[in-house]
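Q:
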Amino acid sequence: MCDQTFLAITFGPCDSCSENRPLMNLYIKTEPINYCSLCMEIMACQGLASGETLKSLKAESETLRKKLEEERKKLHDVELEKVAEKAEALGELNMKTRRTLKGHGNKVLCMDWCKDKRRIVSSSQDGKVIVWDAFTTNKEHAVTMPTTWVMACAYAPSGCAIACGGLDNKCSVYPLSLDKDENLAAKKKSVAMHTNYLSGCTFTNSDMQILTSSGDGTSALWDVESGQLLQSFHGHSADVLTLDLAPSETGNTFVSGGSDKKANVWDLRSGQNVQSFDTHDSDINCVKYYPSGDAFASASDDSTCRLFDLRADREVSIYSKDSIMFGAASVDFSLSGRLLFAGYNDYTINVWDVLKGTRVAILFGHENRVSSLRVSPDGTAFCSGSWDNTLRIWA
Amino acid sequence: MTIRTLRDYGQHYRPRMACLKNVEVFVVEMQDPKSGVKGADQKLNVTIIPHVINGQDILAWIVTKMKVTTEEAQAFGTMLVAYGYIYPLQNHRKLVLVPDSTLYRFQTPYFWPVQKWPAEDIDYAIYLARRNIRKKGMLEPYEQQHYDNLHKWMNPKWDFIVMQATEQYKANKERKKPDRVVLDCQERAYWIVHRPPRRTHSAMDYGLDRLIDPNAEEVLTFDVVRRTNIFLTQALMRSAVKSSMSLTAFVKFVTTHHNHDPFLTTPVPSNPWITDSDEFWQLNSRSVDIPTKLSVERWVLSFWELISDPRGRVDFKLFLKKEHSAENMAFYEAAEEMRWGAASAIPEKSQFIFNTFLKPGAPRWINIDGRTMGLTVKGLVVPHRYVLDAAQTHIFLLMKKDTFYRYLKSPVHKDMQKRALVPAPHVFTDAQLEANVRNRNPGVSPILQWQQEEEEKAAAAVAARPIDVKAMVATNKLDRK
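Keeping their order, the protein sequence lines are chains A and B.
The numbering used here applies: residue 1 is where the first sequence begins, and numbers increase by one.
The numbering used here applies: residue 1 is where the second sequence begins, and numbers increase by one.
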């Protein structure tokens, strides 16, 4: 993957408008062209040429899709179960709640870990965002947002700031301070501006850039200091509910999942949609990359979690059971990628064996939906936030 | 009229209850007279109520049908009660499945969640009014509150509501007693689910509505189809890999990382969350002198693992210093900083990087091929965020394919492998565990750590700057007299 991005030209003069811009690698028939995103849009919205009708375009779509399926089928030579036979069986897993963090007055909607492996930021429906030291269960900072339903929150990589947003359509960054009595709301910085609710946000590899996803169907990359929009990503036909940044060496892509049942992979630099997966039957509530960066898992309202292989460009595994009928709200991988933790709307957490496709454990404890679930940065525990106003740390 | 700020923030209504289709199929099977849960007639007060089932039977049936454990069946059963498919007869406010002789009944399909949804306020008003008439003003406190609220804001329709209520009340009186009791129970159960009493949560609460109504057909105009075609053409030209190759890579990744995953292999000395001792974090921190054996093993797995671990990066930089090729790593870090940094800092950083690494005769000149150098220098005329991408990838690949392997064979690394610690696993007695809980280490605030790291970086940058001989002569520092 590293080699592929080396060869592709990502910035330079656009073939059509000659402006220096981030370029998308597109093809007309089989000829490679490098267009900027604006020229691509203009090309798409051109009036129908002579002999072209909506019907002929749709027919072209169908042939292309069939061709793509054929190509992918040729490469599909083995199933994951077969390859996973080599992997040794898992031992008994004994996970329990080790900490319960109580303090939110309303549903906990989102949470994120700090890189120091023990601090957590969590946000809730009543607008409160709390930073905890989960190890000692102390609350370190608390902010009251001027909006309810804070659906997205993120901890900065340096540990010095948090970002959050929700129904106010904005993503705001609050720098944290050592002074306990300081009013964090005074130093708030509004970074992202969307036209509808903010569903997800994450910092990239530094405190200076934020990637956000919104109910208006777009995702965007912002510069924190100036609040400038660096790149926007269009392609979903409904609300974008979740996003995750790739952990790979070059870190140039991210995946987003939406209400249109699709999971799209995007190039951060040019805004191009490079891959798309639409095998789910309902809204995709959460997407997470596999630790190696070559695959990702998704959780959906159709009560299944699925694993998608990015290099082979297809879905490789479905994690579902007849006894699980309620939607999955959140997923995350363990450090080695062997276990997949998923939180569901029937108040339970199921742990799946990624390779063999079986469920290895079911965890009870929450008294309402599990809305968000994340594994700590060093993999020693995972935290689940729920609509019963608490967060639990399991290990 | 007060403007109600409910969930509808100009958003289209959407039932997010796709899951209930399967649940309904399940409930229908449960009610099957032959293979479903066995019901009986039950005497309640003076009336006999038909088709009453008890909690234990329900649980046993779910366990056999779904082949799950009792705990899981109980959780699922509680879901059924919470959504209103089964309702309890006696303690009608507590919507849980109690696996003993507590009595339940199946809710009639008329009152199933998806059928009559959303529960309209006007229906609730009529229900409350009728109840008011029957109970002669003795409503429950939460019902009384709702009633007063509805009376206030539905005032114009109130005559109609009272009229409906009285009609229904009269019609009810005509019915036979057992039917009346059953209908009353069903309706009451329905309203408990859709208008729960204070401080209890309702299963009907599903969060926010989506902006776009997914039940609406997507209008395919020609530009939408064109965009799909553009996407499909580039997808076809993108090379994909054989499944066997990529899937074997997953298995390999899992196997190599098995020992590093705290959920699969107990971490040494102990998992901080379980024993409340944070020694594990202290031993693996960035500033520790001697790293643990497990960390060192992880660095060997790949170049990326080595530089992702802060302690590993320190070791690698030490090796590079000995080899006098530290400029590669420094360039990589500087390029990363520019790529992920603030937009306003780009011109300044690109200037610094050019002067330090790229210009001919630069103090820390990096060795890249002519074509890449040409491209980069040309791009630096109008610097942008990704101008160093080509050079950065070249240097990264160089380090990954060459320097990394030399590092693994070097005495720096071999020495570290020998000296690496294997901490003994903790064995705490119960008393010690309790002491640990009381003395949990608050640790260092990440803000302080960040400030420390920034200071160290600044000091290192000063030290790495080449000594300016002319300036030293000018200040007479070299003067030996």
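Positions of the beta carbon are idealized from the N, C-alpha and C atoms, including for glycine.
1) Could you tell me the distance, in whole angstroms, from the CA atom of LEU20 (chain B) to the CA atom of ALA82 (chain B)?
2) Could you give the first and the last residue of the continuous alpha helix (DSSP H) run that contains ILE395 (chain B)?
3) Looking at SER270 (chain B) and HIS426 (chain B), is the spacing between their C-beta atoms short of 8 Å?
4) From B:ASP415, B:HIS194 and B:VAL182, pick the residue whose C-alpha is nearest to that of GLU120 (chain B); which is it?
5) Any beta carbon from chain B within less than 8 Å of ALA395 (chain A)'s own beta carbon?
6) In its own chain, which residues sit with a C-beta less than 6 Å from the C-beta of GLN231 (chain A), not counting the 5 before and 5 after it?
7) Please list the segments of the beta strand (DSSP E) lying wholly inside the region 202–232 of chain A, counting only runs of 3 or more residues, in order along the chain.
8) Let me see if you follow: with CB-CB separation under 8 Å, is LYS38 (chain B) close to chain A or not?
9) According to DSSP, ASP159 (chain B) sits in a beta bridge with which residue or residues?
10) Thinking LEU68 (chain A) and ALA235 (chain B) are a contact (beta carbons under 8 Å), I'd like their distance in whole angstroms, please.
11) Got a sec? Which residues, its chain only, sit under 6 Å from ASP8 (chain B) by beta carbon, not counting five neighbours each side?
12) Identify the contact partners of GLY227 (chain A) in chain B, using a Cβ-Cβ distance below 7 Å as the criterion.
13) In the region 113–145 of chain B, which residue ranges form an unbroken alpha helix (DSSP H) of at least 4 residues, counting only runs that do not cross its ends?
14) Determine whether the beta carbon atoms of ALA154 (chain A) and CYS201 (chain A) lie at a separation below 8 Å.
15) Ignore the nearest five residues each way along the sequence and tell me which others in ASN54 (chain B)'s own chain have a CB closer than 8 Å to its CB.
16) Return yes when the Cβ of SER256 (chain A) is within less than 8 Å of the Cβ of VAL240 (chain A), no when it is not.
17) Beta carbons nearer than 7 Å to chain B: which residues of the region 46–79 of chain A have them?
18) Rounded to whole angstroms, how far is the Cβ of ILE346 (chain B) from the Cβ of ALA334 (chain B), which I believe are closer than 8 Å?
19) Going straight from the alpha carbon of GLY327 (chain A) to that of ASN345 (chain A), what length do you get?
20) Indicate the three-state DSSP secondary structure (helix, strand or coil) for GLY77 (chain B) in the structure shown.
21) At what residues does the alpha helix (DSSP H) containing LEU75 (chain A) begin and finish?
22) Counting only C-beta atoms, is VAL83 (chain A) closer than 8 Å to chain B at any point?
23) Does chain A have any CB closer than 8 Å to the CB of TRP299 (chain B)?
24) Give me, in chain order, the residues of the same chain whose beta-carbon lies closer than 8 Å to that of ASN252 (chain A); leave out the 5 immediate sequence neighbours on both sides.
25) Quick one, are the C-beta atoms of SER158 (chain A) and GLY165 (chain A) less than 8 Å apart?
26) Measure the beta-carbon distance from GLY337 (chain A) to SER292 (chain A) and round it to whole angstroms, keeping in mind my assumption that it falls under 8 Å.
27) Kindly list, in the order they appear in chain B, the residues whose Cβ is closer than 7 Å to that of THR204 (chain A).
28) Is there a Cβ of chain A sitting closer than 8 Å to that of MET373 (chain B), yes or no?
29) Let me know the secondary structure DSSP gives CYS45 (chain A) once reduced to three states.
30) With DSSP as the reference, identify every bridge partner of THR12 (chain A), one or two as the case may be.
31) So that I know if they touch, is there some Cβ in chain A lying closer than 8 Å to that of CYS491 (chain B)?
32) Does GLY312 (chain B) pass the burial test, meaning 16 or more other C-beta atoms within 10 Å, or should it be called exposed?
33) For SER202 (chain B) and chain A, any beta-carbon pair shorter than 8 Å?
34) Considering Cα atoms alone, identify which of A:GLN228, A:TRP113 and A:MET193 is closest to ALA402 (chain A).
35) From which residue to which residue does the alpha helix (DSSP H) around PHE135 (chain A) run?
36) Beta carbon of ARG306 (chain A), beta carbon of ALA297 (chain A): below 8 Å?
A: In terms of the structure at hand:
1) 12 Å
2) 389–398
3) yes
4) B:HIS194
5) yes
6) LEU221 and GLY271
7) 209–214 and 218–223
8) no
9) Assignment of beta-bridge partners to ASP159 (chain B) by DSSP yields no partner.
10) ALA235 (chain B) and LEU68 (chain A) do touch by the CB rule: their CB atoms are close to 6 Å apart, below 8 Å.
11) In this predicted model, ASP8 (chain B) has a pLDDT of only 34, less than 50, meaning its place in the structure is not dependable; the value taken from the coordinates is given anyway. Excluding residues within five positions, none has a Cβ falling inside 6 Å.
12) What GLY227 (chain A) touches in chain B: nothing, since even the nearest Cβ is about 10 Å away.
13) DSSP runs (the alpha helix (DSSP H)) wholly in the region 113–145 of chain B: 121–135.
14) yes
15) ASP100, SER101, THR102, LEU103 and TYR104
16) Contact: yes.
17) Answer in chain order: LEU48, LEU54, LEU57, LYS58, GLU60, SER61, LEU64, ARG65, LYS67, LEU68, GLU71, ARG72, LEU75, HIS76, ASP77 and VAL78.
18) Wrong, their Cβ atoms sit about 12 Å apart, outside the cutoff.
19) 6 Å
20) helix
21) 54–75
22) For VAL83 (chain A), the nearest beta carbon of chain B is closer than 8 Å to its own beta carbon.
23) no
24) Excluding the 5 residues flanking it on each side, ASN252 (chain A) has same chain C-beta neighbours closer than 8 Å at THR5, ALA246, ASP267, LEU268 and ARG269, in chain order.
25) no
26) 7 Å
27) TRP340
28) no
29) It is helical.
30) Note that residue 12 (chain A) is Gly in the sequence shown, not Thr. Answer by DSSP bridge pairing, in chain order: A:ARG21.
31) Residue 491 (chain B) lies beyond the stretch modelled for chain B, which goes from 1 to 481, so this question has no answer here.
32) buried
33) no
34) Coverage of chain A is limited to positions 1 through 395, which leaves residue 402 (chain A) absent and any answer about it impossible.
35) PHE135 (chain A) -> no alpha helix (DSSP H), and no H or E assigned at all.
36) Between ARG306 (chain A) and ALA297 (chain A), the gap from beta carbon to beta carbon is short of 8 Å.
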